[in-house]
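A.B. asks: Remember, the numbering used here sits 24 above the position in the sequence shown when you count from 1.
So that we are looking at the same thing, I have put the structure below in structure tokens.
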Amino acid sequence: MESRRAQNQIANLVGQFTDTVRDPLWKDIPLSKGFKALLGSEVVQKLSRIKQLGPVYLLYPGAVHTRLDHSLGVFHLSRLILLRLLSNKINSPEATLNFSDEGINAFLAAALLHDVGHFPYAHALKDNISVTHESLGARLIGEEPSLRKIIESQLNTSLEWVTQIIDDSLPCDEGEILFYRRLLSGTLDPDKLDYLSRDALFCGVPYGVQDAAYIIRHLKANRDTTLYLPLDAIGGVEHLLFAKYSMYKNVYWHPKVRSATATIKKVLFLALEGGSVTQEGLFNLDDESLYHLLEQKAPSPLFNLAQRVHNNQLLEERASLPYNASYHNDLFSDKLHRRGVENSIWSALKGKYPNLSPLEVVIDIPEEVSFEADLMIELEDKGLKPFSQVDPLFTPTTVALFTQSIRQIRLFLPSYVNEGDAKGPFLEEIAPHG
């Protein structure tokens with residue numbers, strides 16, 4: 025019975041997906057009529073006006089792909105993962121999680137909609153905004169009647185399930201939905217499999233490309249909703265973690281990208297603090313409307329700084345120091361403290377550089393990123409063990425070193441400020457003493 029049901033679900037995931045969208049990364053992406061309607065909704069189409077990587081195009085000019093591109097890719101990989109898990113169900117019906125038709129469509133809808141709460145620089149503004157983009161997305165989906173109509177009438181699933189998969193802060197006690205939630209946001213989730221490969225493709229770098237077909241082919245899930253890989257496929261996890269590290273080092277946290285990100289972050293923080301921009305006013309913006317909002321509402325000095333980023337006239341790195349969690353936590357978490365340190369550095373430099381503005385002194389501290397894997401590995405005796413206990417390389421100590429090696433506190437200043445002049449005040453304020 026369960027095997028026959030899985031066969032029917034596979035037939036639906038193939039036979040009903042007769043429309044296609046052409047994608048630079050995955051080529052043909054099949055869509056059903058319902059998901060084609062969801063793709064065409066205004067809420068989803070807005071994502072075509074938000075760059076996936078924000079200011080990375082200032083360093084890698086090809087990186088102008090959008091959150092819509094990425095959302096389609098996540099949807100596509102999610103469908104392939106379901107096809108694999110359902111195929112496993114046919115071969116081992118007693119050992120594999122049961123899937124409902126409603127749950128399958130809710131998961132695929134969540135995959136396509138998972139980024140609708142994004143606005144420009146949303147990740148960089150986490151400490152300035154009181155709500156996550158996942159919660160924003162869930163709220164937006166719930167408030168948009170056209171989405172409810174498509175989800176409930178054409179996809180025949182629950183809008184509440186869709187939002188519960190996207191936003192893990194929403195209460196949920198449905199085992200299948202909790203599984204989809206972990207599947208959409210885990211170590212080998214379709215989100216990472218798409219963005220690492222897609223970002224690498226559009227940046228023109230080889231570091232992030234994933235063998236998604238190999239990983240998906242080996243994925244398994246048991247009745248306890250545990251997702252796992254067999255031991256002989258552990259290389260897929262290792263490669264993903266290495267790729268993530270390389271992309272952070274060479275792309276996401278490249279000094280030029282960090283300069284642009286930190287500068288815009290400072291502009292928006294000061295605009296929010298001064299009241300010229302509101303938190304709610306940011307939520308429905310795309311890249312261009314954010315720029316125009318700052319042009320119309322922000323004080324001229326703030327807009328001029330944003331305009332310099334827009335024109336690729338960036339502040340340059342003049343000093344850096346490895347982040348020390350035990351010493352620098354206040355500098356990272358307390359925006360006012362960080363601004364006070366920036367002002368102290370400006371005071372030390374303004375005598376020699378009278379034209380230097382306090383706005384042009386920017387300290388950047390990237391948020392913490394993890395290179396851990398919460399995936400289970402199936403050993404030859406069929407027992408499951410955590411990846412960190414099986415892999416001899418990605419031990420907790422090694423993983424911590426990965427993060428420490430690339431998480432740097434940087435001081436950005438105009439190019440005319442000499443590095444030697446900047447380093448002393450920076451170290452005086454930032455470096456651990458005693």
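Ideal Cβ placement from N, Cα and C applies to all residues, glycine included.
Determine contact between the stretch 386-403 and the stretch 286-293, defined as no fewer than three beta-carbon pairs at a distance below 8 Å.
C.D. replies: Verdict: yes, contact present.
A.B. asks: Under the three-state reduction of DSSP, which class applies to residue 44: helix, strand or coil?
C.D. replies: Translated into the one-based positions of the sequence shown, residue 44 becomes position 20. Three-state DSSP puts residue 44 in a strand.
A.B. asks: CA-CA distance, residue 307 and residue 160?
C.D. replies: Reading the sequence shown from its first residue, position 283 is the one you call residue 307. Reading the sequence shown from its first residue, position 136 is the one you call residue 160. Roughly 8 Å between the two C-alpha positions.
A.B. asks: Let me know the alpha helix (DSSP H) ranges lying completely inside the stretch 170-231, each 4 residues or longer, listed in chain order.
C.D. replies: Those alpha helix (DSSP H) runs which fall completely within the stretch 170-231 and span 4+ residues are 183-190, 199-208, 214-227.
A.B. asks: May I have a chain-ordered list of the beta strand (DSSP E) segments no shorter than 3 residues that lie completely inside the stretch 31-98?
C.D. replies: Qualifying beta strand (DSSP E) stretches, in chain order: 43-47, 51-55.
A.B. asks: Taking one C-beta from the stretch 114-128 and one from the stretch 163-178 each time, how about it: are there three or more such pairs within less than 8 Å?
C.D. replies: Segments in contact, no.
A.B. asks: Give the C-beta separation of residue 214 and residue 208 to the nearest angstrom, bearing in mind that I take them to be a contact with Cβ-Cβ under 8 Å.
C.D. replies: Your numbering for residue 214 matches position 190 in the sequence shown. Your numbering for residue 208 matches position 184 in the sequence shown. Rounded, the Cβ-Cβ distance is 7 Å, consistent with contact.
A.B. asks: Report the start-end ranges of each beta strand (DSSP E) in the stretch 242-313 that is 3 residues or longer and not cut off at the edges.
C.D. replies: You should have 251-254.
A.B. asks: Just to confirm, is the Cβ distance from residue 87 to residue 226 under 9 Å?
C.D. replies: As a first step, residue 87 must be located in the sequence shown, where it is residue number 63. As a first step, residue 226 must be located in the sequence shown, where it is residue number 202. Going by C-beta atoms, residue 87 is nearer than 9 Å to residue 226.
A.B. asks: Where do the N-terminal and C-terminal ends of the beta strand (DSSP E) with residue 401 fall, by residue?
C.D. replies: Reading the sequence shown from its first residue, position 377 is the one you call residue 401. Where residue 401 is concerned, the enclosing beta strand (DSSP E) stretches over 400-402.
A.B. asks: Taking residue 45 as the reference, which of 35, 36, 57 has the closest Cα?
C.D. replies: Position 21 of the sequence shown, counted from the first residue, corresponds to residue 45. Of the listed residues, the one whose Cα sits closest to residue 45 is 57.
A.B. asks: Grab me the residues of residue 41's own chain with a C-beta within less than 7 Å of its C-beta, minus the 5 sequence neighbours each way, in chain order.
C.D. replies: The residue labelled residue 41 in the question sits at position 17 within the sequence shown. The answer, listed in chain order, is 54, 55, 56.
A.B. asks: For residue 201 and residue 239, I'd like the C-alpha separation in whole angstroms.
C.D. replies: In the sequence shown, the residue the question calls residue 201 occupies position 177. In the sequence shown, the residue the question calls residue 239 occupies position 215. Distance between the alpha carbons of residue 201 and residue 239 is about 22 Å.
A.B. asks: Would you call the stretch 131-145 in contact with the stretch 77-93, where contact means no fewer than 3 C-beta pairs closer than 8 Å?
C.D. replies: With the cut-off at 8 Å, the stretch 131-145 and the stretch 77-93 touch.
A.B. asks: With C-beta atoms as the reference, is residue 234 less than 9 Å away from residue 61?
C.D. replies: Sequence index remark: in the sequence shown, residue 234 carries index 210 (1-based). Sequence index remark: in the sequence shown, residue 61 carries index 37 (1-based). No, the Cβ-Cβ distance between residue 234 and residue 61 is not below 9 Å.
A.B. asks: When DSSP builds the beta bridges, which residues end up paired with residue 344?
C.D. replies: Locating residue 344 in the sequence shown gives position 320, where the first residue counts as 1. According to DSSP, which records beta bridges pairwise, residue 344 is partnered with 434.
A.B. asks: Based on DSSP bridge pairs, tell me the residues matched to residue 409.
C.D. replies: Against the sequence shown, residue 409 aligns to sequence position 385. The partner list for residue 409 (beta bridge, DSSP) reads 401.
A.B. asks: So the candidates are 348, 343, 299; which of them puts its Cα closest to the Cα of residue 366?
C.D. replies: The count along the sequence shown starts at 1 and reaches residue 366 at position 342. Here the closest residue by C-alpha is 343.
A.B. asks: Could you pull the DSSP bridge partners for residue 454 from this structure?
C.D. replies: Taking the first residue of the sequence shown as 1, we reach residue 454 at position 430. Per DSSP, none; premise fails for residue 454.
A.B. asks: Can you find the residues in the same chain that come closer than 8 Å, C-beta to C-beta, to residue 456, ignoring five residues on each side of it along the sequence?
C.D. replies: Within the sequence shown, residue 456 is the residue found at index 432, counting from 1. Once the five neighbours on either side are set aside, the close Cβ partners of residue 456 are 348, 351.
A.B. asks: To the nearest whole angstrom, what separates the beta carbons of residue 435 and residue 369, a pair I think is in contact under 8 Å?
C.D. replies: Translated into the one-based positions of the sequence shown, residue 435 becomes position 411. Translated into the one-based positions of the sequence shown, residue 369 becomes position 345. With a Cβ gap of about 7 Å, residue 435 and residue 369 count as contacting.
A.B. asks: My assumption, with CB atoms under 8 Å, is that residue 211 sits in contact with residue 397. Please give the rounded CB distance.
C.D. replies: Translated into the one-based positions of the sequence shown, residue 211 becomes position 187. Translated into the one-based positions of the sequence shown, residue 397 becomes position 373. About 4 Å separates the two Cβ atoms, so the contact holds.
A.B. asks: What does a CB cutoff of less than 8 Å around residue 146 pick up in its chain, not counting 5 residues either side in sequence?
C.D. replies: The count along the sequence shown starts at 1 and reaches residue 146 at position 122. Taken in chain order, the residues that qualify are 153, 157.
A.B. asks: Alpha carbon to alpha carbon, how far is residue 165 from residue 321?
C.D. replies: For the purposes of this step, residue 165 is identified with residue 141 of the sequence shown, where counting begins at 1. For the purposes of this step, residue 321 is identified with residue 297 of the sequence shown, where counting begins at 1. Roughly 28 Å between the two C-alpha positions.
A.B. asks: Please classify residue 389: does DSSP put it in a helix, a strand, or coil?
C.D. replies: The count along the sequence shown starts at 1 and reaches residue 389 at position 365. It is coil, neither helix nor strand.
A.B. asks: I think residue 399 touches residue 252, with their Cβ atoms under 8 Å apart; what is that distance to the nearest whole Å?
C.D. replies: Locating residue 399 in the sequence shown gives position 375, where the first residue counts as 1. Locating residue 252 in the sequence shown gives position 228, where the first residue counts as 1. At roughly 7 Å, the Cβ-Cβ gap stays under 8 Å, so residue 399 and residue 252 are in contact.
A.B. asks: In terms of residues, what are the limits of the alpha helix (DSSP H) holding residue 165?
C.D. replies: Taking the sequence shown and counting its residues from 1, one reaches residue 165 at position 141. 157-167 is the extent of the alpha helix (DSSP H) around residue 165.
A.B. asks: Whose C-beta lies closer than 7 Å to the C-beta of residue 339 among residues of the same chain, with five residues either side of it excluded?
C.D. replies: Start at 1 with the first residue of the sequence shown, and residue 339 comes out as number 315. Cβ neighbours of residue 339 beyond the five flanking positions: 283, 287, 384, 386, 436, 437, 438.
A.B. asks: Can you tell me whether DSSP reads residue 113 as helix, strand or coil?
C.D. replies: Translated into the one-based positions of the sequence shown, residue 113 becomes position 89. Helix at residue 113.
A.B. asks: Judging by CA-CA distance, which residue of 98, 129, 395 is the nearest neighbour of residue 36?
C.D. replies: Walking along the sequence shown from the start, residue 36 turns up at place 12. Nearest of 98, 129, 395 to residue 36, Cα basis: 129.
A.B. asks: Can you name, in chain order, every residue of its own chain whose Cβ lies under 8 Å from the Cβ of residue 192, other than the five neighbours on each side?
C.D. replies: The residue given as residue 192 occupies position 168 in the sequence shown. These residues qualify, in order along the chain: 158, 205, 209.
A.B. asks: When you compare the CB positions of residue 450 and residue 345, do they come within less than 9 Å of one another, or not?
C.D. replies: In the sequence shown, counting from the first residue as 1, residue 450 sits at position 426. In the sequence shown, counting from the first residue as 1, residue 345 sits at position 321. Contact flag set, yes.
A.B. asks: Using CA atoms only, rank isn't needed, just tell me which of 198, 298, 59 is closest to residue 180.
C.D. replies: Taking the sequence shown and counting its residues from 1, one reaches residue 180 at position 156. Comparing Cα positions, the closest option is 59.
A.B. asks: By Cβ distance, which residues of its chain are closer than 6 Å to residue 100, with the 5 residues on each side in sequence left out?
C.D. replies: For the purposes of this step, residue 100 is identified with residue 76 of the sequence shown, where counting begins at 1. Counting only Cβ-Cβ distances below 6 Å, and skipping sequence neighbours, we find 50, 53.
A.B. asks: Closest by CA to residue 315, which one among 328, 356, 380?
C.D. replies: For the purposes of this step, residue 315 is identified with residue 291 of the sequence shown, where counting begins at 1. Of 328, 356, 380, the residue nearest in Cα terms is 328.
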